[in-house]
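For my numbering, count along the sequence shown from 1 and bump the result up by 188. Even for Gly, the Cβ is constructed at its ideal location relative to N, Cα and C.
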Amino acid sequence: MENYFNVKKNLKIVLFLGSFAFGFLSFILPIYSKNIGGSGVSIGGLFSVFSIISLLLRPIIGRAIDKYGRKCFFVSSFIFYAISMILFSYSTNILLLYLSRLIQAIGASMMWITSYSIAADIADNENKGKTIGQVDGASSKGALCGAIIGFIILSNFSILEGWSILFKGYAILALLAAYIAYKKIPETSVKQNERTIIQNKNNYNIYFYKLLSIVFITSLSTSMLSPVLMIYLQDRFTSNIFVLGLAFTPAAYVYAFLPSKLGGISDKVGRVIPMVVGLLCAGIISLGFSRCNDIRLLVILWVLESIGLVLASPAEEALVADIVDEKTRGSAYGTYFFVSSLGAIIGPLLGGWLYDGYGHHIPFYVNAILLFLNSVMTIVLLGKKYKL
189 MENYFNVKKN LKIVLFLGSF AFGFLSFILP IYSKNIGGSG VSIGGLFSVF SIISLLLRPI
249 IGRAIDKYGR KCFFVSSFIF YAISMILFSY STNILLLYLS RLIQAIGASM MWITSYSIAA
309 DIADNENKGK TIGQVDGASS KGALCGAIIG FIILSNFSIL EGWSILFKGY AILALLAAYI
369 AYKKIPETSV KQNERTIIQN KNNYNIYFYK LLSIVFITSL STSMLSPVLM IYLQDRFTSN
429 IFVLGLAFTP AAYVYAFLPS KLGGISDKVG RVIPMVVGLL CAGIISLGFS RCNDIRLLVI
489 LWVLESIGLV LASPAEEALV ADIVDEKTRG SAYGTYFFVS SLGAIIGPLL GGWLYDGYGH
549 HIPFYVNAIL LFLNSVMTIV LLGKKYKL
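Next up, the structure:
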């Protein structure tokens, strides 16, 4: 058991170091893209191309890690991240940004499936939600630190110079994460042959597919706001990156420090209640975004929405491990992320299209409607089986 604690500790260190780019990239990518001439649709495409690659690769990777083991894919993920960060540092046009996002997506496809699979492998049945929440939290802590460094650098350099310096630093940290993963993370799975994987995959029960329908709508809904939220803040409030950073930071703290605590709630009360409450709260808050005329109030709303999503996510992710057989856990997470990626392909393009064509408020309204729908679906599809 002590070995499991060491694995979990090293897993969190690796994710922390490898995730420095995540938070700031989601914040700065729409702003930087707009600065070098990107339109709303092309910026949305930067988010969708990431999801398209993930869509294609994640089922393959999920099956591969059941067959060949977790470790080689986990280490490789951070090597791909390092390559993508170097390419980002030299990206001065939209085409290079697309190439960087493509390679980043390969790394992400490997990292998240292996991370959740390793976490589920080493966790007791009573602590899956908490352990998976710790995976999310470690990544978000790294993303928060990376964002703070990013704001400091961009406060002292132009956006083009600061961007280049910053992403070279992120590349070095990703390589360090790969090294620690290679040295400190053991193989946690028992390798399966192809026939066993296929047989077990065919035994997925109906509740897994019900969960996937909920995952699809959640992913489509939340990803719809990714490319437009920062543009909305710029258009409505200010283009000052430092002020936008201050608005972004409190929500980033929520993602960094609350996942393990809120994930533990699902271990105590079941997975469905946190999912329903989290989705409802996020939907209500989304309606408030579009009517907010004060950036300080918007920051509060952003924090509350983040709490809702952080409450729902670890419960949803742990439910995958609850439903499927441990022998096909990697394949199940591959399928889970496949469906999530499918929603995330459609969402950003839909958000950019609605924002450009129908008004700045519309993506927030649509997001709220979809989250309300999903909370009802969660009750109807899963409530009877999983402790409502």
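- Under the three-state reduction of DSSP, Ser414 is assigned to coil, being neither helix nor strand.
- DSSP places Arg479 in the coil class of the three-state scheme, outside both helix and strand.
- The straight-line gap separating the alpha-carbon atoms of Cys260 and Ser297 is approximately 13 angstroms.
- In the structure shown, Glu493 adopts helical secondary structure according to DSSP, grouped into three states.
- Between Pro447 and Ile320, the alpha-carbon positions lie close to 8 angstroms from each other.
- CA-to-CA, the gap between Gly250 and Gly357 works out to about 30 angstroms.
- Assigned with DSSP and collapsed to three states, Gly357 falls in helix.
- For Gly452, the CB contacts under 7 angstroms within the same chain, skipping 5 residues up- and downstream, are Gly317, Lys318, Gly321 in chain order.
- Short of 6 angstroms from the beta carbon of Ser528, and not among the five residues preceding or following it, lie these beta carbons of its own chain, in chain order: Val403, Ser407.
- For the pair Gly496 and Phe525, the Cα-to-Cα distance works out to about 20 angstroms.
- Distances from the CA of Ser221 to each of Ala209, Phe212, Leu234 were compared; the closest alpha carbon is that of Leu234.
- If you draw a straight line from the Cα of Phe268 to the Cα of Lys371, it is about 18 angstroms long.
- The three-state reading of DSSP puts Pro374 in coil, since its state is none of H, G, I, E or B.
- Under the three-pair Cβ rule at 8 angstroms, the segment 241-257 does not count as touching the segment 190-205.
- In the structure shown, the three-state DSSP call for Asp513 is coil.
- The segment 499-519 makes no contact with the segment 533-542: fewer than 3 CB pairs, one atom from each, lie closer than 8 angstroms.
- In the displayed model, Tyr278 falls within coil according to three-state DSSP, outside both helix and strand.
- The shortest C-alpha to C-alpha distance from Phe212 to any of Leu332, Asn428, Leu434 is the one to Leu332.
- In the three-state scheme derived from DSSP, where H, G and I count as helix and E and B as strand, Asn428 is classed as coil.
- Ile306 has its alpha-carbon roughly 34 angstroms from the corresponding atom of Leu489.
- Going by beta carbons, Gly531 and Ile301 fall outside the 9 angstroms limit.
- Around the beta carbon of Phe276, a 10 Å sphere encloses 16 or more other beta carbons of the protein chains shown; the residue is thus reported as buried.
- By the neighbour-count criterion, in which 16 or more other beta carbons inside 10 Å mark a residue as buried, Thr280 falls on the exposed side.
- No residue range can be given for Asn393, since it is assigned to no alpha helix (DSSP H) and is classified by DSSP as neither H nor E.
- Here Asp312 carries a coil assignment [DSSP, helix/strand/coil].
- Look at the segment 223-295 and you find no whole run of beta strand (DSSP E) that is 3 residues long or longer.
- The criterion of a C-beta distance shorter than 9 angstroms is satisfied by Ser207 and Ser327.
- DSSP places Phe560 in the uninterrupted alpha helix (DSSP H) bounded by 550-570.
- Of the candidates Ser519, His549, Ala503, Ile274, the residue whose Cα lies closest to the Cα of Ile253 is Ser519.
- Its chain contains Phe430 as the residues whose beta carbon lies nearer than 7 angstroms to that of Ser343, once the 5 sequence neighbours on both sides are disregarded; these appear in chain order.
- Leu446 carries a coil assignment under DSSP once its states are collapsed to helix, strand and coil.
- By the Cβ neighbour-count rule, Gly458 is buried, with 16 or more other Cβ atoms within 10 Å of its own.
- DSSP, read as helix, strand or coil, puts Gly531 in helix.
- The beta carbons of Gly350 and Gly338 sit closer together than 9 angstroms.
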